[in-house]
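Have a look at the structure below before the remarks.
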Amino acid sequence: MQQEVEKYQSFLNGLSKKGLIKGHDVAKIKKLLKERSVSNLPNLLLDLGAVSEIDIADALATTSGKKCLLAKEIPISHELDNSLLRFLREYSIAILYSNEMEIGIAVVDPFDSYIPNALALALQVKVVIHVGVRSEIEKVVLQQSSEQEIEPLVSDKASDDDIEHLRDIASEAPVIRFVNVLFQKAVEVHASDIHVESVDKSLKLRLRIDGVLKDIDPPPVGTAVGIISRIKLLAKMNIAERRLPQDGKIRSQINGKEYDMRISTTPTIHGENVVIRLLDRQQVSLNFEELGFQPKVLSKFLSVLSQPNGVILITGPTGSGKTTTLYTALTHINKPESKIITVEDPVEYEVSGINQIQVKPDIGLDFPNILRSIVRQDPDIIMIGEIRDSETAAIAVQSALTGHLVLSTLHTNDAASGMIRLLDMGVDDFLLASTVTGILAQRLARKLCPHCKTPQVISNELAEKLNLAKILTLQERQFYSAKGCEECSGTGYKGRLVILEFLVVSDKIKQQLSSKATASDLLATALSEGMETMFDDGIRKAAQGLTTLEEVARLTKTTV
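According to our numbering, the sequence shown is numbered sequentially starting from 32.
In structure tokens, the structure reads:
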């Protein structure tokens, strides 16, 4: 053991002499070396990202006197015994050749004596060690095993063997590392969602960054079931159930921060799809100004929010930031003298001083049932995650009539359509007129990267087409385009902000509701009373250098 420690220290010194690690880092690593098993060192350096894979492989080969192999020197085709296959995948070992006398292997760590000793004992042959790059070895091992591995059965009732097999492949080192790296990469590029999509026995991976999906490198062949099973295992889902959708949650520390991950799986013809929503509690801004509320609309919104009762709705498609706006509003009115109860599916953020309830339909704990019970809990303010059906809508309106302030969300394209949606759900027009006080519609626009945004000249034709004269003076028309730099990964955008419109339910709008007005009629009245449309709000923000005209046009379905 002492000899192995000395070899690792020689390996570290070699990295230091090449300038690959600094002197103070060597001291820290040596301290970790004493605290942990010596066989963990190369993998520890790789997991920390302290040194590149090829530099570690070269240094280990030099120190050990073994040959360092390139990926093309490691054969892919090999018939392997299933028990041996599991050992190879667990310890990242690639078979180079084998005969009755000896077996050649590529390993990450040539100083780990357990691997050659175990193989020599099991196979009764001489073991010849070579050094390889970890990711290349794991890729080859997975390719070697992909044709031999039997997919878990999808039957009406999964057997104990099927479940155990899924647990085994989900617990293999390459799979664990891949999932960890996937989470870390998503965090580093500030992705809001990870999409894992089954495509004909393989996986397609995409990250949603600033609202736009982008492809990333797929995992090695043969890892699809293992990766999906690993995610489900972490989320405490039923890993053997692949016929029905499931939801789960993971709380994990990534790069020193605590993240909540909402997991959703759904079956497809090729396997399961998984969507992971990343929630960084420390990065969420519950501040109206930082979200993108302009002073004029914020003043109106806070005025309606300060009323003791009524219904306030936030509308927009999935992923438009409705929940964040709701929580910002709740945080603003969260006072010791008020009791706030929320009903959510799922609970996205935990807020001190607010009573939050998670919907669980599988045990009968759905929105209507919870709402009926919490009214008897004497709340002042009720937040409903989403009004999805007529029963929930009726209870929300009834709660407002009995003196509660109710906040909720709807899936509509604009503010005026929110009223019509509730009418379609069966809420009487006179009840809407008596309870709904304001409807906010919003989208999330990508913010221009401040490091590379470039002034943009707008032609007179485009200015006339967009009717800019109605919104801005000539002096205010300073627009910018997205160029792209290292700070924004070449996209030209970094972060997001809301563009919105807020419809205050005035007396005239209440009268129109009673006379079966259309969404167009309500919008016309709201505009005549001073409401700015989402497009207008977006144009103003583009003129302030916060976003681009193209982004506003994309979100408001306007042709530029």
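For each residue, glycine too, the CB sits at the ideal point set by N, CA and C. Note that the structure is a prediction, hence the values are computed from the model and not measured.
Asked, Found
"Where do the ends of the alpha helix (DSSP H) carrying residue 450 lie?", "446-455"
"Less than 7 angstroms separating the beta-carbons of residue 341 and residue 466?", "yes"
"Express the C-alpha separation of residue 75 and residue 68 in angstroms, rounding to a whole number.", "Its pLDDT being 46, under 50, residue 68 is placed unreliably in this model, and the coordinates cannot settle the point."
"From the DSSP output, in three-state form, read off residue 516 for me.", "coil"
"I believe residue 478 touches residue 524 by the beta-carbon criterion, under 8 angstroms. Please report the beta-carbon distance rounded to the nearest angstrom.", "6 angstroms"
"List the endpoints of the continuous alpha helix (DSSP H) containing residue 565.", "565-574"
"How many angstroms separate the CA atom of residue 476 from the CA atom of residue 277?", "30 angstroms"
"In this structure, what does DSSP give as the bridge partners for residue 125?", "137"
"Below 7 angstroms CB to CB, which residues in the same chain sit around residue 587 once its five sequence neighbours on both sides are set aside?", "565, 566 and 569"
"Going by DSSP, which residues form a beta bridge with residue 270?", "DSSP, once it has assigned bridges, lists no residue as partnering residue 270."
"From residue 494 to residue 584, what distance separates their C-alpha atoms?", "13 angstroms"
"List the whole-angstrom C-beta distance separating residue 306 from residue 226, where the pair is believed to meet the contact cut-off of C-beta under 8 angstroms.", "6 angstroms"
"Starting from the C-beta of residue 370, find all residues in its chain whose C-beta is less than 6 angstroms away, skip the five residues before and the five after it, and write them out in chain order.", "410 and 411"
"Helix, strand or coil, according to DSSP, for residue 510 in the structure here?", "strand"
"Output needed for residue 195: all residues of its chain with C-beta closer than 6 angstroms, excluding positions within five of it in sequence on either side, in chain order.", "none"
"Thinking C-beta only, is residue 399 closer than 7 angstroms to residue 433?", "no"
"Among 386, 534 and 355, which one has its Cα closest to the Cα of residue 447?", "534"
"If I measure Cβ to Cβ from residue 93 and keep anything under 7 angstroms in the same chain, skipping five residues before and after, which residues do I get?", "45"
"Apart from the five residues just before and just after residue 51, which ones in its own chain have a Cβ nearer than 7 angstroms to its Cβ?", "82 and 86"
"From the DSSP output, in three-state form, read off residue 226 for me.", "strand"
"On the criterion of 16 or more Cβ atoms from any shown chain inside 10 Å, does residue 145 qualify as buried, or is it exposed?", "exposed"
"Going by DSSP in three states, residue 426 sits in which element: helix, strand or coil?", "helix"
"Rounded to whole angstroms, what's the CA-CA distance from residue 546 to residue 460? Just pull it up for me.", "9 angstroms"
"Terminal residues of the continuous beta strand (DSSP E) containing residue 278?", "277-285"
"Between which two residues does the alpha helix (DSSP H) carrying residue 473 extend?", "Premise fails: residue 473 lies in the beta strand (DSSP E), 467-479, not in any alpha helix (DSSP H)."
"Just to confirm the assignment, what range does the alpha helix (DSSP H) spanning residue 288 have?", "Premise fails: residue 288 lies in the beta strand (DSSP E), 288-299, not in any alpha helix (DSSP H)."
"Taking buried to mean at least 16 other C-beta atoms within 10 Å of its own C-beta, is residue 318 buried or exposed?", "exposed"
"With a 10 Å radius around its C-beta and 16 neighbouring C-beta atoms as the bar for buried, classify residue 473 as buried or exposed.", "buried"
"By how many angstroms is the C-alpha of residue 202 removed from the C-alpha of residue 291?", "21 angstroms"
"Give a yes or no on whether the C-beta atoms belonging to residue 257 and residue 206 are separated by under 7 angstroms.", "yes"
"Would you call residue 393 buried or exposed, if buried means 16 or more other Cβ atoms sit within 10 Å of its Cβ?", "exposed"
"Restricting to Cα atoms, I'd like to know which of 425, 338 and 531 is closest to residue 326.", "531"
"How would you label residue 482, buried or exposed, when you count the other beta carbons within 10 angstroms and need 16 or more for buried?", "exposed"
"Do you know offhand how far residue 138's Cα is from residue 402's?", "59 angstroms"
"Using beta-carbon positions only, say whether residue 322 and residue 439 come within less than 7 angstroms of one another.", "no"
"Using the rule of at least 16 other Cβ atoms within 10 Å of the residue's Cβ for burial, across every protein chain shown, is residue 152 buried or exposed?", "exposed"
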